[in-house]
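In what follows, a structure is listed as structure tokens, so that the remarks can point back to it.
Residue numbers (the working numbering), protein chains in the order written: chain A, 6 to 210; chain B, 829 to 1030.
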């Protein structure tokens, strides 16, 4: 595979092949932690960190990992980084650690990370692999922040905990609950897919 | 390159050992701050269950805790599964007790403190120090509106708390989290029956 420029990699992971909106990966946590922007940001950065470093590590080892057990090794490396993030949050951001609770541990099962490991890190050199993983995580973070912006403003009347409810509207309880993210993600995927379909339609001829 | 089974085995053992070692080192490094945060959370929880934490910053917690909280015995019970029964002592007089409880909720253990006044007629608060319920659903038992309901509930020997509107109190469950809500009440009632009113004559 020809080496991809970092800028192109960034654009691909953020927009054209956004893991949440185009590959429909990492939906579980997108539904769960997007009720406030602070949670989304920390979760997103946690995933970006883990995806970046695990891709780097796995890419460094790509030539010595026995092919048959590569998924075991991937899970092992990812789990190690996730536990590290969990410990870090417990030590330095205990409030967020408590709020995110089991979801930090569930970063391990976030399909984006293993997806990048399988699809990219396995067959690319370490530095591009690291950027690929990190950008995939950033793309995820961006989507999470967008969803949580809508949910936090309508559900709590705040942005990052700061009050923006100047006109004093009644906050929507549904926005705080997971179904809200379900509707928002659904609409976003619909919008993006419809646009992508339109763009590709003339090319197909 | 063709590699045999032995290579695979050795590779897995080595990589596991390396990662475990790295994590153990990281844990040792983080341990002091983690322990400190845990202690702070526990102390804040105890103060919350007694209604004493209002307006306290993290730095205030330890001094207030040292000053007003002492280990106590309620009906001769000094601890519940290793967690000490605590009392809020003011000018040498016990004002209230923080009674530790643990039970099983929907997904995992449920631990915390139930605060009751010294006369054992009213609750002073409820707090969870550990819960593993679904965030956004059962996890909402950790939100203030839910816990605040457990301040000032009338309690007496042999009567259990229940959800609903009654003459003397009103208690709401979490919508969409019936199992967790019931588990909380079951655990609280267990604490009332087995600790708070354990020793009294029937």
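Beta carbons: idealized from backbone N, C-alpha and C, even for Gly.
- Non-local C-beta neighbours of residue 70 of chain A in its own chain, meaning closer than 6 Å and more than five positions away in sequence, comprise 78, ordered along the chain.
- Collapsing the DSSP output to three states places residue 176 of chain A in coil.
- A straight line joining the alpha-carbon of residue 989 of chain B with that of residue 875 of chain B spans about 22 Å.
- DSSP lists B:944 as the beta-bridge partner residues of residue 951 of chain B.
- A distance of 8 Å or more separates the beta carbons of residue 39 of chain A and residue 141 of chain A.
- Going by beta carbons, residue 915 of chain B and residue 900 of chain B fall inside the 8 Å limit.
- If you keep only unbroken beta strand (DSSP E) runs of at least 3 residues inside the stretch 887-918 of chain B, you get 897-899, 914-918.
- For residue 925 of chain B, the uninterrupted beta strand (DSSP E) segment begins and ends at 921-932.
- Under the 8 Å criterion on CB atoms, residue 847 of chain B is classed as interfacial with respect to chain A.
- Within the stretch 855-881 of chain B, the residues whose Cβ lies closer than 7 Å to some Cβ of chain A are 855, 858, 861, 862, 865, 869, listed in chain order.
- For residue 135 of chain A against residue 61 of chain A, the beta-carbon gap comes to about 4 Å, under 8 Å, which counts as contact.
- Rounded to whole angstroms, the gap between the alpha carbons of residue 831 of chain B and residue 81 of chain A is 21 Å.
- Around the C-beta of residue 886 of chain B, fewer than 16 other C-beta atoms lie within 10 Å, and the residue is accordingly described as exposed.
- Inter-residue distance for residue 833 of chain B and residue 122 of chain A is about 23 Å (C-alpha atoms, whole angstroms).
- In chain A, no part has a C-beta under 7 Å from the C-beta of residue 1008 of chain B; the shortest such distance is about 13 Å.
- One alpha carbon belongs to residue 960 of chain B, the other to residue 1009 of chain B, and they sit about 13 Å apart.
- For residue 43 of chain A, the nearest beta carbon of chain B is not closer than 8 Å to its own beta carbon.
- The DSSP assignment places complete alpha helix (DSSP H) segments of no fewer than 4 residues inside the stretch 82-127 of chain A at 99-105, 107-110, 116-124, in order along the chain.
- Considering only beta carbons, the part of the stretch 67-84 of chain A lying closer than 9 Å to chain B consists of 68, 69, 70, 71, 72, 73, 74, 77, 78, 81, 82, 84, in chain order.
- Between the beta-carbon of residue 980 of chain B and that of residue 873 of chain B there is about 19 Å, and that puts the pair past the 8 Å contact cut.
- By the Cβ test, the stretch 41-50 of chain A is in contact with the stretch 161-176 of chain A, since at least three Cβ pairs between them sit closer than 8 Å.
- Contacts between residue 967 of chain B and chain A, judged by CB atoms closer than 8 Å, involve 106 in chain order.
- In terms of beta-carbon proximity, residue 831 of chain B lines the interface with chain A, with at least one pair separated by less than 8 Å.
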